[in-house]
Amino acid sequence: MNKESSIGIFDSGIGGLTILKKIRELLPRENIIYYGDWKNNPYSEKSKEDIQNLSAKIMDFLIRNNCKAVVIGCSIFSAASLDFLKAQYKIPIIGMIEGGVKSAILESKQKKIAVMGSAFTIKSNVYEKSIKEINPEITVYQISCKALCTMLEKGWENYSDRIEVLESYLCQIPDTADTLILGGTHYPFILNDIKKFFNKKIVDSSVESAIELFRILGQEDLLREGYKKGRIEFYINGDKEIFKDVAEKLFEKEEITNMFSLY
């Protein structure tokens, strides 16, 4: 493992592309390997043990491909597997929870924070626990947005009732909440729609995780040097064309030429 080694990112599908974009903007010289595990989706219906076992297999793949640090680009993976993986692997592993939590606590003046997330993430109570560990006086409102992940994976624009569905979730946030954590990496794709129903402070965990990665690589003296732009390699075990369509909206065409299928 050295400065030329890659950064690994993994997710259950397209959501992790939001964190990939933030990392690319902040660390353009870094080589990145992205693993999209579509085959085993939906993860929200799996047990914690199953998610941990699948995440360990992905970590093994990333380690074999010489990754110097790994970002878990998924709140479900982070909630179920972060501590489990940190106990087994020696390289830095960054989840999607902690950075967003710390930022939200700093932003919330009323000490009332809402979190929108998948059914699994909300049921795990990981956001409330993390917030209360830092400041037990904060009130946390957790909103389970069960349908959003599937709708975003299959194409948000394909659902004529998408705004009504989104509103049905966000209307559950009390008016007293002054900060909303996007507790899923898919949600930045629909940030403008979310702002229609919550016009206060919104915390994007993807941004905070990218900043944390930058900090850790600098601390460990692992930042890649020089001026050459790093490469991105995509490894997908599902419908590569759907994934490519989304990736093309976020990245320059030459950045998504290294896309490989895993079966």
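Numbering (my numbering), first residue to last: 52 to 314. From the three backbone atoms N, C-alpha and C, an ideal C-beta is built for every residue, glycine too. Bear in mind that the values here come from a model prediction, so they are computed numbers and not experimental data.
| Item | Value |
| --- | --- |
| Distance between I102 and T308 (C-alpha atoms, nearest Å) | 29 Å |
| Segment contact, 8 Å Cβ cut-off, at least three pairs: the stretch 204-219 with the stretch 169-185 | no |
| Where the beta strand (DSSP E) containing M167 begins and where it ends | K163 to G168 |
| Check whether K252 and T230 have beta carbons under 8 Å apart | yes |
| The stretch 82-90 contacting the stretch 219-226, beta-carbon criterion three pairs below 8 Å | no |
| Contacts around K34, its chain only, beta-carbon distance under 7 Å, and the 5 residues preceding and following it disregarded | Here the chain covers residues 52 to 314 and nothing more, so residue 34 does not appear. |
| Closest by C-alpha distance to M167, when choosing among F265, K137, R275 and L242 | L242 |
| C-alpha gap between D272 and L217, whole angstroms | 43 Å |
| Sub-8 Å separation of G66 and T236 beta-carbons | yes |
| Coil, strand or helix - S98 by DSSP | coil |
| Exposure label - N104; buried when at least 16 CB within 10 Å | exposed |
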